[in-house]
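**Q** Starting off with a structure, shown below.
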Amino acid sequence: MNFHEDLNNEARKLVTRRWFFKQCGVGLGSIGLASLLNQSMFGASARGKVIDPLSPKPPHFAPKAKRIIYLFQAGAPSQLDMFDYKPALEKYDGQPVPAEVVKGQNYAFIRPDAELFASKFKFAQHGQNGAWLSDALPHLAEVVDDITLVKSMTTDAFNHAPAQIFMSTGSTLFGRPSMGSWVTYGLGNESENLPGFVVLSSGGGLSGGSSLYGCGFLPTVYQGVTFRRSGDPILSLSNPAGITREMQRKSLDTLKNLNEHHLEVTGDPEIATRINSFEMAYRMQMSAPELVDLTKESKETLDMYGAVPGKASFANNCLLARRMIERGVRFVQLFHEAWDHHTDVTGGVKKQCGLTDKASAALIKDLKQRGLLEDTLVIWGGEFGRTPMVETNAEAGRSMGRDHHPQAFTMWFAGGGTKPGLVLGETDELGFHITKDRVHVHDLHATILHQLGFDHTKLTYRFQGRDFRLTDVHGEIVHKILA
Amino acid sequence: MRRRGFMSLKMLPLLLATSLFLFCHRGDGVDIDVSKLPPPATRKINFVADIQPIFEKSCYTCHGEKMQRGDLRLDIKQLAFQGGTHGAVFTAGKSADSRLIHLVAGLDPDLVMPQKGDRLTSEQVSILRAWIDQGAVWPDGVDKAKFVDPKDHWAFKAPVRPALPKVKNKKWGRNPMDAFVLARLEKEKLSPSNEADKVTLIRRLSLDLVGLPPTIEEVDQFLADKSADAYDKLVERLLSSPHYGERWGRHWLDAARYADTNGYEKDLPRTIWPYRDWVIDAINKDLPFDEFTIQQIAGDLLPNATTQTRVATGFLRNSMLNEEGGIDPEQFRVEGIIDRIDAIGKSFLGLTVACAQCHNHKYDPVSHKEYYQFFAFLNNDDEPELEVPSAAQLKEREKIQKTISKIEDELLAQHADIPEKMQAWEERMREINYEWEVLEPESYFGAVGTKFIKQSDHSLLALGSSPPYSGYTFVAKTKATNITGVRVEAIADPNLPNGGPGRAPNGNFVLSEISLEITPLDDRSRTNQITFTNATADFSQPGFPVSTAIDGTTTNKLGWAGEDLPGRRNRNRTAVFETEENFGFHAGTLLTFDLKQVYGGELTLGRFRLSILTEKRSLQADPLSQTQRDILAKTPSKRSKAEQRELFTVYRLTEGKRFAEANKKIDEEQKKWPVGPRTLVLAKTEFPRETHIFRRGDFKSLGEQVSPGTPAILHPLPKTENPNRLDFAKWLADKKNPMLARVTMNRVWQSYFGEGLVTTPEDFGTRAEKASHPELLDWLATEFMDRNWSLKEMHRLIVTSATYRQSSKITPKLYELDQYNTLLARGPRFRVEAEIIRDIGLKTSGLLDPTIGGASVYPTLPDGALALAWGNPKWGTSEGGDRYRRAMYTFWKRTAPYPSMTIFDAPTADFSCVRRNRSNTPLQALTTLNDAVFHEISQAMALRVYKEGGADDRSRAIFAFRLCTGRVPDGFELKEILALLDDQKSYFEDRTDKAIAVALSDTTKFPEDVNLHRVAAWTMVTRVLLNMDVTITKE
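Each protein sequence line maps, in turn, to chains A and B. Everything in the first sequence is counted per the working numbering, starting at 10 for the first residue and increasing by one. Everything in the second sequence is counted per the working numbering, starting at 146 for the first residue and increasing by one.
Shown next as structure tokens:
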């Protein structure tokens, strides 16, 4: 079933009937059109109140999660220094990895006979379930009973760009819609003056580039809208120098009059859509700056996250994510590209945890205290893991690092119907291969869609004669992590 | 489509057992105990009553319409009998031998069908057995799904020229095309719309044919021309404009996925704009579309190949290239070919073949094997850069060559002893032609990310990410003793930057230090360090003499480098290092070379080979190339004049002292050698590859070897031995190809009318929607071929039709009946493409620099637009006219494409795109209202309107409106414009600061003789006019 098919067509018909009725009945009065416009949704369109490419749509069944905050840790954090405690590595530290373990595996940089490398972090058990965490994550330790740890994640790609694209779109090929686009396509947008799918970033530029939040073959309205770190939160949000909001209003009034007049002459409803886009843009000019103004938050809240108004950071982005979902944004994707620790993984993890641990934990606490965690799914993780072997290369100035490791890595989830306090999955004693409860990226996608109320095999879009889906032809829901 | 990766987990038995990804590819070597089968039922079995329900309940989920695991489909008779990957799954009369029965009965505990859900009861197995034993009777017409044999699909049959349909209205049509449209309208009881007014027509035509709005003068001229052929003259003027090639070239560049960067993580810049210019030029010249096709696929292999036909192969090189650290270059070479197949499929064949990369699909016309036969055509190429000097540069070069010859002539004239001296030199040259033993690399590695490809000549080609500096460890064995020297050959290679031999962007390298350790093969505990005493090279870059590669230090930043003057670069370089003592153990020697290259800037060896020499002393590197050696081998009397001169050139360089003055003069000339831009092209490789099927699309899992071939569903490839890329290109462009003309005409139609006659231009396959006007499509396709594949003629035909000239006004009734204008009862009306929005603004405001072609430019980019791109890239905004070039020349960075264009649906160019979205969003509104470029356009237009628009505000308002729309505003529109103007005039009256801020982007450049208060007010007005729907819409 392709249940969104033809919505567009249907919407155009409805609006047109309505529009022509108005025209024929009372002439195209500004009243008629204005009433239409007030119903508008982001992106769009005077195509109608009920059916619109972005109007809110029910999923296939009652959802456990109504929105998502995805904290994408790009570059791939070292699960062995944060989550996956391996005492055996201490025992074998400095010894070559057994050949039978690594046979046939691809590595980006290291040689396959590299030495095993024990974590320099101290691990301890936390929470009621006694989950192991390293001392790089003191804040996460406080909320460990609220999260679900999955130590048995695995992926197909072992270079950053393809793996990030795989994690974001379910394919290593370019041109597929990102998860946020699929969700927006499926659920529409309930905000009247903010986009439904927002992208925030801290750290470096993304290996996978704009494909990570692109809409692929889906219509452009489903693309992620990037909020910027400084200046206008959205590109071209501010008026050009010297133009006040009042002048903008006056200009838009004239523009609207001219466009409406032309609509009357040509009869093309696309003009009505355009008028509405301008009105929506105008509203966004108000709502987006208000949204990103963190000075409205209490000192207590700012301190909890470690956020500083006006100073772009992962912490600020976590707080912004909360403000966004409060205002109806469906899918907030934070990218923090900073974890590619080919050298000094200890120092690197320490530094990045210093920048992210407090805010990640604060987000969970904050959502919980506001009653939002229940139906908000928080996702934390990178595109793959890192090797139990050391990466050392004097000529490249690399030492005590870890290479890419797609075979096993850790992610965590909170809220949105996941089972709090659960630790799923195990790896072998070296942390190399998964030995229990393997969760593939496709399975993760199936599970996320499931929590949002979608049968992942039925959220499809027909392109090039084929029904595409986020999970391609794969994906098993990971029922074990669901409450 | 799982493409790679997981099967490598196989070696862990534990995992294999629990793996969710077990594939059911099993040999038939599994022991099957047939005696355990339940006996066949004894009653008469009815397929519909007894068998189909079992299939439906237990099999169709995986072997039905949605999925065909193991390529098996049990819901359609024809396909069920064909079986799956392993052939037939049942044989009538032989249930005990039927695989289907073995699997459902669970004879092999590791593989039981169905894999999910309840197992079949033994009664059901008995029934199935009985059905098979009773002859597997499957009545016709009871299938659960309809199967269309791809062979019967319309698109795979060559178009046949249809007869013109009969129409009632004999007056309306202007050319045969219209008959097809009208016949359909009459069938639907509709009539066409009136012809659009002349202003609308000239604007529509201009936007369609050249992508720019008409000037007011052009509109007036057309309005004033009352002659019968006024319209035709206009069409001719536009078709012969050089901007026509830009407009239609841009469409093709979508299909060609043209971009200025490599894509993926690093997304580094590439130079391939000469390909873009080739496209513009080819379209302006109206290169027949079959040749257009052939040159882009195999322009390098044509018997009369030229630089330009080679540039055309950039079509294939537009694939992305991953330079991320730690990649396997072979993986991304393969991905590049997969992308090329995708692009060829979409743009020339209208076929989406990507699925066949991993598996067969029952209703796909291209099989898994055929996909790799396709692949085989594209698998034997190098990926070089080609220098494309301009005509002026070529002329200049000729001049330089003449001057150099003249200096050499003079030298020969001055020194009568040269022939005699050269004889001695030649003798010496013969002496130093040593017999080197080329070392076979035993093991080798370089710095992070470097991946070596071992070539059959024992050289190593460094691919993968290119580190700034590297040490290469190279280990080899030899039985030789009395070794006296080592030779390092740095070899130029088409796959290296600028042709190598180094990996730096200019193809250079610096060998900082070479060292060698030796170990006897029978005693690995001993190692000796070899001392080099004498180093020579065929060429050393000034300042980087080869002797510094054995000076014992790398800290001085010196070493042997190979960059010569322009015109003499990117050639093989050879260095020879003589040892202090003879060496070589009797039991054989392990040689461990360390080639240190620490200069930085990627100045590392790209392709190199090491050799050793025994016995000889006083070694000298050979300054002669192989060609020159061949000349030397001839007796002087047999040499041509040019050959003799070539040897002399080498000779005079080796006699550096004697001919110092002349050599210097020649070098001064050589320094003037103009270097052209380089562009990415394809060229046949020296090292052919075998092509295998990739099992499940995994390039590491090789299946059957395949030879080049074309899909059986299409016209046959003419029989030739070893068909190559050129044969393939000719096959594509063959008039027998049922796809090419149709697909091309459909895309052209789409550009004019908003949607193609087939709405999926990328897919004419069995699952594509039928054409709205099938006969019209075939008529256009045959006409196109009959007119010798001339696109210009087809454009002329379409735009002079009555169909095209209709008004685009929509009545409620028409909208109700045909909202997407499929029936064409009205003219097209839709928003123009991203690029044209910018171009309209630039043209209207007078800012446009209409220069055609050249390197891509960097117009103003919003701050922070590159923030999410990897590696903090810089933009470097262009100066002068380059800031105001047409949008298609904007530098296209794949991972962070120019925002105002992607916001208006320009494709990213990551892959071939033959159909753009056409969205309508608030981000677009924000862009045209507030983006710095668009505001600058408003300001420039305001200034222009204020100065050129007439004496009063009313005439200025009309002028401004006409600039945007071509037409004169009506009373309402004029009133609105003037009302806003008056309001803004009074606002700015006493607000000079505000006026300056609004009217000027660059406050250092005050325009003369204008009232800036007024210009500010006009800026507010032009901003509104430029944002009108009608301004950015083709009506």
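Just so you know, even glycine gets a beta-carbon here, dropped at the ideal spot from N, CA and C.
Between the C-alpha atoms of Ala-55 of chain A and Arg-395 of chain B, what's the straight-line distance to the nearest angstrom?
**A** Residue mapping note: residue 55 of chain A aligns to position 46 of the first sequence, counting from 1. Residue mapping note: residue 395 of chain B aligns to position 250 of the second sequence, counting from 1. Note on Ala-55 of chain A: pLDDT 32, under 50, position unreliable in the model; the coordinate value appears next. Straight-line Cα distance between these residues: approximately 32 Å.
**Q** Quick check: the stretch 632 to 648 of chain B against the stretch 736 to 753 of chain B, are at least 3 beta-carbon pairs closer than 8 Å?
**A** Because the criterion of three Cβ pairs below 8 Å is met, the stretch 736 to 753 of chain B and the stretch 632 to 648 of chain B touch.
**Q** Less than 7 Å between C-beta atoms, sequence neighbours within five positions excluded: which residues of the same chain meet that for Gln-1084 of chain B?
**A** Counting from 1 along the second sequence, the entry for residue 1084 of chain B is found at position 939. Only Ala-1144, Leu-1145, Ser-1146 and Thr-1164 meet the Cβ criterion.
**Q** Run the CB neighbour count on His-731 of chain B, radius 10 Å, all protein chains shown included, and call it buried at 16 or more, exposed below.
**A** On the second sequence, residue 731 of chain B is found 586 positions in, with the first residue counted as 1. Flag for His-731 of chain B reads exposed.
**Q** Between B:Gln-771, B:Arg-1060, B:Gly-972 and B:Gln-559, which has its C-alpha nearest Ile-955 of chain B's C-alpha?
**A** As a first step, residue 955 of chain B is located in the second sequence; it is residue number 810 there, counting from the start. Ile-955 of chain B has its Cα closest to that of B:Gly-972, out of B:Gln-771, B:Arg-1060, B:Gly-972 and B:Gln-559.
**Q** Taking the alpha carbon of Phe-472 of chain A as the point to measure from, which residue in B:Gly-910, B:Arg-1168 and B:Pro-919 has its own alpha carbon closest?
**A** Numbered from its first residue, the first sequence carries residue 472 of chain A at position 463. Per the Cα distances, B:Gly-910.
**Q** Comparing alpha-carbon positions, which option in B:Phe-292, B:Thr-438, B:Asn-339 and B:Val-364 lies nearest Met-884 of chain B?
**A** As a working mapping, residue 884 of chain B is identified with position 739 in the second sequence. The option with the nearest alpha carbon to Met-884 of chain B is B:Thr-438.
**Q** Which word fits Leu-212 of chain B, buried or exposed, when buried means at least 16 other C-beta atoms lie within 10 angstroms of its C-beta?
**A** Here the question's residue 212 of chain B lines up with position 67 in the second sequence. For the sequence presented, residue 212 of chain B should be read as Met rather than Leu. Exposed, by the Cβ-count rule.
**Q** Kindly give me the distance between the Cβ atoms of Ser-692 of chain B and Ala-680 of chain B, rounded to whole angstroms, as I take these residues to be in contact under 8 Å.
**A** Counting from one through the second sequence, the residue named residue 692 of chain B turns up at place 547. Counting from one through the second sequence, the residue named residue 680 of chain B turns up at place 535. Contact holds; Cβ gap of about 5 Å.
**Q** Any Cβ of chain A within less than 8 Å of the Cβ of Ser-588 of chain B?
**A** For this step, residue 588 of chain B is matched to residue 443 along the second sequence. It does not: the Cβ of Ser-588 of chain B has no partner Cβ on chain A nearer than 8 Å.
**Q** List the endpoints of the continuous beta strand (DSSP E) containing Trp-1015 of chain B.
**A** Position 870 of the second sequence holds residue 1015 of chain B. Unbroken run through Trp-1015 of chain B: none, as it is neither H nor E.
**Q** Can you find a C-beta in chain B that's less than 8 Å from the C-beta of Gln-473 of chain A?
**A** Counting from one through the first sequence, the residue named residue 473 of chain A turns up at place 464. Cβ-Cβ to chain B under 8 Å: yes for Gln-473 of chain A.
**Q** Report back the beta-carbon spacing between Ser-143 of chain A and Asp-102 of chain A to the nearest angstrom; my notes put them in contact at under 8 Å.
**A** Here residue 143 of chain A is taken as the residue at index 134 of the first sequence, counted from 1. Here residue 102 of chain A is taken as the residue at index 93 of the first sequence, counted from 1. Going by Cβ atoms, the distance from Ser-143 of chain A to Asp-102 of chain A rounds to 16 Å, so no, they are not a contact pair.
**Q** Report yes if the C-beta distance between Glu-410 of chain B and Glu-475 of chain B is below 8 Å; otherwise report no.
**A** As a working mapping, residue 410 of chain B is identified with position 265 in the second sequence. As a working mapping, residue 475 of chain B is identified with position 330 in the second sequence. Cβ distance not < 8 Å, so Glu-410 of chain B and Glu-475 of chain B don't count as in contact.
**Q** Using CA coordinates, which residue listed in B:Leu-354, B:Arg-392, B:Thr-406 and B:Ile-361 is at the minimum distance from Arg-382 of chain B?
**A** Against the second sequence, residue 382 of chain B aligns to sequence position 237. It is B:Leu-354 whose Cα lies nearest to the Cα of Arg-382 of chain B.
**Q** At 8 Å on the CB atoms, spell out the chain A contacts of Asn-1075 of chain B, in chain order.
**A** Against the second sequence, residue 1075 of chain B aligns to sequence position 930. Under the 8 Å cutoff, chain A gives Ser-245, Leu-246, Ser-247, Asn-248 and Pro-249.
**Q** Run through DSSP, which three-state label would Gly-138 of chain B get?
**A** The structure shown does not extend to residue 138 of chain B, since chain B spans only 146 to 1180, so no value can be given for it.
**Q** Check Pro-1067 of chain B in the structure and name its three-state DSSP category.
**A** The residue given as residue 1067 of chain B occupies position 922 in the second sequence. It is helical.
**Q** With 8 Å as the threshold, decide whether the Cβ of Asp-277 of chain A is near any Cβ in chain B.
**A** As a position in the first sequence, residue 277 of chain A is number 268, starting the count at 1. Yes - at least one Cβ of chain B is within 8 Å of the one on Asp-277 of chain A.
**Q** Compute the beta-carbon to beta-carbon distance between Thr-355 of chain A and Arg-407 of chain A, rounded to the nearest angstrom, for a pair I have assumed lies under 8 Å.
**A** What you label residue 355 of chain A is simply residue 346 of the first sequence in a count that begins at 1. What you label residue 407 of chain A is simply residue 398 of the first sequence in a count that begins at 1. In fact, because the Cβ distance is near 13 Å, the residues do not count as touching under 8 Å.
**Q** Would you kindly report the start and end of the unbroken beta strand (DSSP E) that includes Tyr-589 of chain B?
**A** Residue numbering aside, residue 589 of chain B sits at position 444 when the second sequence is read from its first letter. Unbroken beta strand (DSSP E) run through Tyr-589 of chain B: 588 to 590.
**Q** Which of helix, strand or coil does DSSP assign to Ser-143 of chain A?
**A** As a first step, residue 143 of chain A is located in the first sequence; it is residue number 134 there, counting from the start. In this structure, Ser-143 of chain A counts as strand in the three-state DSSP scheme.
**Q** For the stretch 218 to 233 of chain A, which residues have a beta carbon sitting closer than 8 Å to at least one beta carbon of chain B?
**A** Residues passing the 8 Å Cβ filter: Gly-218, Ser-219, Ser-220, Gly-223, Pro-228, Thr-229 and Val-230.
**Q** Round the Cβ separation of Val-450 of chain A and Thr-164 of chain A to the nearest angstrom and send it over; I've been treating them as touching at under 8 Å.
**A** Stepping through the first sequence from its first residue, residue 450 of chain A is reached at position 441. Stepping through the first sequence from its first residue, residue 164 of chain A is reached at position 155. Rounded, the Cβ-Cβ distance is 5 Å, consistent with contact.
**Q** Is Leu-1125 of chain B close to chain A? Criterion is C-beta to C-beta, closer than 8 Å.
**A** Translated into the one-based positions of the second sequence, residue 1125 of chain B becomes position 980. Cβ-Cβ to chain A under 8 Å: yes for Leu-1125 of chain B.
**Q** Alpha carbon to alpha carbon, how far is Ile-221 of chain B from Asp-253 of chain B? Give it in angstroms, no decimals.
**A** Locating residue 253 of chain B in the second sequence gives position 108, where the first residue counts as 1. Locating residue 221 of chain B in the second sequence gives position 76, where the first residue counts as 1. Each residue's alpha carbon lies about 27 Å from the other.
**Q** Would you grab the beta carbon distance between Arg-974 of chain B and Thr-282 of chain A for me? Rounded to a whole angstrom, and I think it's under 8 Å.
**A** Against the second sequence, residue 974 of chain B aligns to sequence position 829. Against the first sequence, residue 282 of chain A aligns to sequence position 273. About 13 Å separates the two Cβ atoms, so there is no contact after all.
**Q** Starting from the beta carbon of Ala-1142 of chain B, find every residue of chain A whose beta carbon is closer than 9 Å, and list them in chain order.
**A** Here residue 1142 of chain B is taken as the residue at index 997 of the second sequence, counted from 1. Result: Pro-249, Ala-250, Gly-251 and Ile-252.
**Q** Going by DSSP, name the residue or residues bridged to Val-655 of chain B.
**A** Sequence index remark: in the second sequence, residue 655 of chain B carries index 510 (1-based). Looking at the DSSP assignment, Val-655 of chain B forms a beta bridge with B:Ala-706.
**Q** Output yes if chain A places a C-beta closer than 8 Å to the C-beta of Lys-702 of chain B; else output no.
**A** Here residue 702 of chain B refers to the residue found at position 557 of the second sequence. Not closer than 8 Å to any Cβ of chain A, the Cβ of Lys-702 of chain B fails to qualify, so no.
**Q** Specify the secondary structure class of Asn-891 of chain B as computed by DSSP and reduced to three states.
**A** Along the second sequence, one-based indexing puts residue 891 of chain B at 746. If DSSP states are grouped into helix, strand and coil, Asn-891 of chain B belongs with the helices.
**Q** Contact criterion: CB-CB distance below 8 Å. Does Thr-469 of chain A meet it with respect to chain B?
**A** Working through the first sequence from its first residue, we reach residue 469 of chain A at position 460. Closer than 8 Å: no.
**Q** Which ranges would you report for the beta strand (DSSP E) in the stretch 618 to 703 of chain B if only whole runs of at least 3 residues count?
**A** Qualifying beta strand (DSSP E) stretches, in chain order: 628 to 635, 658 to 665 and 677 to 682.
**Q** Against chain A, with Cβ distances strictly below 8 Å, would Asn-1062 of chain B count as a contact?
**A** Within the second sequence, residue 1062 of chain B is the residue found at index 917, counting from 1. Yes, because at least one Cβ of chain A sits closer than 8 Å to the Cβ of Asn-1062 of chain B.
**Q** Is the shortest distance between the beta-carbon of Ala-71 of chain A and the beta-carbons of chain B less than 8 Å?
**A** By one-based count along the first sequence, residue 71 of chain A stands at place 62. Chain B contact via Cβ: absent.
**Q** Helix, strand or coil for Tyr-949 of chain B, going by three-state DSSP, please let me know.
**A** Sequence index remark: in the second sequence, residue 949 of chain B carries index 804 (1-based). Residue state, collapsed to three classes: coil.
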